[in-house]
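Per our numbering, the very first residue in the sequence shown carries number 1268; after that it's consecutive. Every residue gets a Cβ at the ideal spot worked out from N, C-alpha and C, and that includes glycine. Predicted model only: the values in this text are computed from it and were never measured. I have placed the structure first, in the form of structure tokens, so that the comments after it can refer back to it.
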Amino acid sequence: IVRWSSSVAWTNVMVGDIDDDGRDDIVGRAGGTWYASHLKNGSYTTEVWEQWDAAINWVDVSIGDLE
């Protein structure tokens, strides 16, 4: 498991299989940057997943498997 910084104001933290490997991943947003923690090469890693416009007040953010 990985640790996320407690000094960051995390929002929209969710669990879902974002890389389609059959395992749950953790995603969360800090400002307009989305981060994802997932299993990669045998260990969990956290990396930037996506970038959104931080000036927009995003509401009702969800995660789902739409395949």
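Rounded to whole angstroms, what is the Cα-Cα separation between Leu1306 and Arg1270? Answer to the nearest angstrom: the Cα atoms are 14 Å apart.
Hey, Gly1295 and Asp1320 are a contact pair by Cβ (cut 8 Å); roughly how many whole angstroms apart? In fact, because the Cβ distance is near 17 Å, the residues do not count as touching under 8 Å.
To the nearest angstrom, how far is the alpha carbon of Trp1301 from that of Arg1290? If you draw a straight line from the Cα of Trp1301 to the Cα of Arg1290, it is about 19 Å long.
Going by beta-carbon coordinates alone, are Ala1303 and Thr1313 separated by less than 8 Å? With respect to Thr1313, Ala1303 sits close: the two C-beta atoms are nearer than 8 Å.
For Ile1285, count neighbouring Cβ atoms within 10 angstroms of its own Cβ and tell me buried if that reaches 16, exposed if not. The residue in question, Ile1285, is buried, as its Cβ has 16 or more Cβ neighbours within 10 Å.
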